[in-house]
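Everything on this sheet refers to the single structure shown next.
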Amino acid sequence: ERKIAGLRRQQRDIQGRIKNLSPRGGVRFEEIREEQFPERPVLMLAGEITRDEEFDFLIKRLSRRTENTLYILGNTYIGATLPLEYLQNDIYNQFNSAFFILNNRHIKPDFILPGGTYLTMTYRGPYTQSKRLYGSLKEYAREHGWVFSHDPIELYRVDINETADPQEFVTEIQASVKEK
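So the sequence shown is residues 5 to 184, counted in our numbering.
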């Protein structure tokens, strides 16, 4: 019964995700938005990430820590952190942690993502676009009087766990900002 309940929850999450990623769900690809987020509790594991396999390894370790109360497939809150100094030095393909944003209050978080204003952008396709898209975020921030205040995060809405085709990947960049 527990497995069936878990699979039903997973099915609901995937159906919600499909709805949210459709044009009717309001996703506009490569559009920069200013959004307010509350503090968000995360389960995080530090580690150098330069390839998908390294990210998957950390996510699997995180999953084991939670005794299968979290799962990879269908979880819309899996991501990685890009060190702020890497963003400032135009390095966009090296991350320093993998995480789950927790929606289960029974799990003690490792870290709290700060609340506040974030510049966000969702894009479809391979991660090789990151350089261009982070460049757009940096230009937008400059033009609107913002400076980056914390490590940016990437949320992997559709990744290698759902598709082998990089053209189908959907990634959301979130970069915390404050006024200059």
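By construction, the Cβ of each residue, glycine as well, lies at the ideal position given by its N, Cα and C atoms. Fair warning: this is a prediction, and the values are worked out from it, not measured in the lab.
In the DSSP assignment, find the unbroken alpha helix (DSSP H) run with residue i in it and report its ends.
| i | result |
| --- | --- |
| Gly139 | 134-147 |
| Leu91 | 88-92 |
| Asn67 | Here residue 67 is Ser; the residue named in the question, Asn, does not match the sequence. Run containing Ser67: 56-69, per the alpha helix (DSSP H) assignment. |
Out of the options, which has the shortest C-alpha to C-alpha gap to residue i?
| i | options | result |
| --- | --- | --- |
| Glu34 | Gln133, Thr167, Arg146, Thr126 | Thr126 |
| Glu89 | Glu158, Asn100, Ile82, Gly83 | Asn100 |
| Arg68 | Ile111, Thr175, His148, Glu52 | Ile111 |
| Thr85 | Glu57, Arg128, Asp155, Glu143 | Asp155 |
| Leu91 | Lys184, Glu183, Ile177 | Ile177 |
| His148 | Gly30, Glu58, Gln98, Lys182 | Lys182 |
| Pro87 | Phe41, Glu158, Leu62 | Glu158 |
| Trp150 | Ser180, Tyr138, Thr175, Val162 | Ser180 |
| Ile116 | Arg6, Arg37, Leu49 | Leu49 |
| His139 | Gly30, Ala9, Ile36 | Here residue 139 is Gly; the residue named in the question, His, does not match the sequence. Residue Ile36 is the option with its Cα nearest to Gly139. |
| Glu166 | Gln40, Ile82, Arg6 | Ile82 |
| Gly120 | Phe152, Pro170, Leu11 | Phe152 |
| Gly51 | Ile8, Gln98, Arg32, Arg6 | Gln98 |
I need the boundaries of the beta strand (DSSP E) containing residue i, first residue and last residue.
| i | result |
| --- | --- |
| Gln98 | Segment: none, Gln98 is in no beta strand (DSSP E) and carries neither H nor E. |
| Lys182 | 174-183 |
| Leu123 | 120-128 |
| Glu52 | 44-53 |
| Gly83 | 82-85 |
| Thr38 | Residue 38 is actually Glu in this sequence, not Thr. First-last of the beta strand (DSSP E) with Glu38: 37-41. |
| Phe152 | 150-152 |
| Ile116 | 115-117 |
Which residues share a DSSP beta bridge with residue i?
| i | result |
| --- | --- |
| Ala168 | Its beta-bridge partners do not exist; DSSP assigns none. |
Does residue i come within less than 8 Å of chain B when only Cβ atoms are used?
| i | result |
| --- | --- |
| Ala145 | Chain labels in this structure do not include chain B; a single protein chain is all it has. |
Report yes if the CB atom of residue i is closer than 8 Å to the CB atom of residue j, and no otherwise.
| i | j | result |
| --- | --- | --- |
| Asp94 | Ile164 | no |
| Tyr96 | Lys142 | no |
| Arg128 | Phe173 | yes |
| Thr124 | Glu39 | yes |
| Ile53 | Leu66 | no |
| Phe41 | Tyr144 | no |
Between residue i and the ligand SAM, is there a pair consisting of the residue's CB and a ligand heavy atom that are separated by less than 7 Å?
| i | result |
| --- | --- |
| Gly30 | With respect to the ligand SAM, the structure shown offers nothing to examine, as it has no ligands at all. |
Across the region 95-114 and the region 40-50, are there enough close Cβ pairs to call them in contact, namely three or more that are closer than 8 Å?
yes
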